[in-house]
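Note that my numbering gives residue 182 to position 182 of the sequence shown, counting from 1, and the numbers run on in steps of one.
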Amino acid sequence: PPLPEPPPTPPPAPPSPAPTHVGMAFGPAQQPRSQWGPDFNSTVYTAHPDTLLADLEAARRAHLRVFVSFTGNEQHNRDENGFSLTKWKQRVDRFRTADLSSYLADGTIIGHFILDEPGDARNWSGHVVAQADIAEMARYSKEIWPDMPTIIRAWPAFLEGREYPHLDAVRVQYHARLGDLDEFI
């Protein structure tokens, strides 16, 4: 008997609208996807291999700009000795083949948020993250995504004394407990 006709190919998904990014990136860290909308224009996004592209598409459609963390919370990047560069690289490598070029080109991705608070020993089994490890994280990220800015959240004073040729930005987060905003700036 003849083979049945294959089902028709579904039409392609409509193209994403070009995002509009106005002003400085502003928003709460780790804003849940369910709250992505017009109130804020950025967040730190913890990527998951199974949903990365769908989440970036949702961010694009919401005109949201994201700092992408490919490694997540510090618990995934440490061992009994503190920060583990090996674990960090393994977590980054889960995304190595993802094509992020369109999200970088249109500004949906602000950059790779490589690490949070390397100078806070409480996060790293009682040790601060070595400056050499910070330099290597930034270099490793650029090896994979040469055009993606690398960003770390740290006090600038913590990074003094070393050059970071592959680190593009430092993110500093203000809290009211830090005192007067003008003095903080």
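We put the CB at the ideal spot given by N, CA and C, even for glycine.
C-alpha gap between A135 and K87, whole angstroms: 16 Å
Residues bridged to H127 [DSSP beta-bridge criterion]: Answer by DSSP bridge pairing: none, since H127 is not bridged.
Bridge partner(s) assigned by DSSP for S102: BP columns for S102 are empty, so no partner.
V68, enclosing beta strand (DSSP E) - first and last residue: Judged by DSSP secondary structure, V68 falls within the beta strand (DSSP E) whose first and last residues are R65 to S69.
Three-pair Cβ contact test at 8 Å for the segment 135-144 versus the segment 120-127: no
A169 - DSSP class collapsed to helix/strand/coil: Of the three classes helix, strand and coil, the one that applies to A169 here is strand, per DSSP.
Identity of the residues DSSP links to I109 by a beta bridge: V66
Run of the alpha helix (DSSP H) containing T97, from where it starts to where it stops: Looking at the DSSP string, T97 is not in any alpha helix (DSSP H), and its letter there is neither H nor E.
Buried/exposed call for S141, threshold 16 Cβ in 10 Å: buried
Of the listed residues A154, V66 and P118, nearest to Y45 (C-alpha basis): V66
Pairwise C-alpha distance: D168 and T150: 5 Å
Three-way DSSP call (helix, strand, coil) for R177 in this model: helix
Rounded distance between the beta-carbons of Q30 and T43, thought under 8 Å: 7 Å
Reference P19, options H112, A62, G161 and D180, closest by Cα: A62
Cβ contact (3+ pairs, closer than 8 Å) linking the segment 114-123 and the segment 147-161: yes
Counted within 10 angstroms of its Cβ, other Cβ atoms place H166 as buried (16 or more) or exposed: buried
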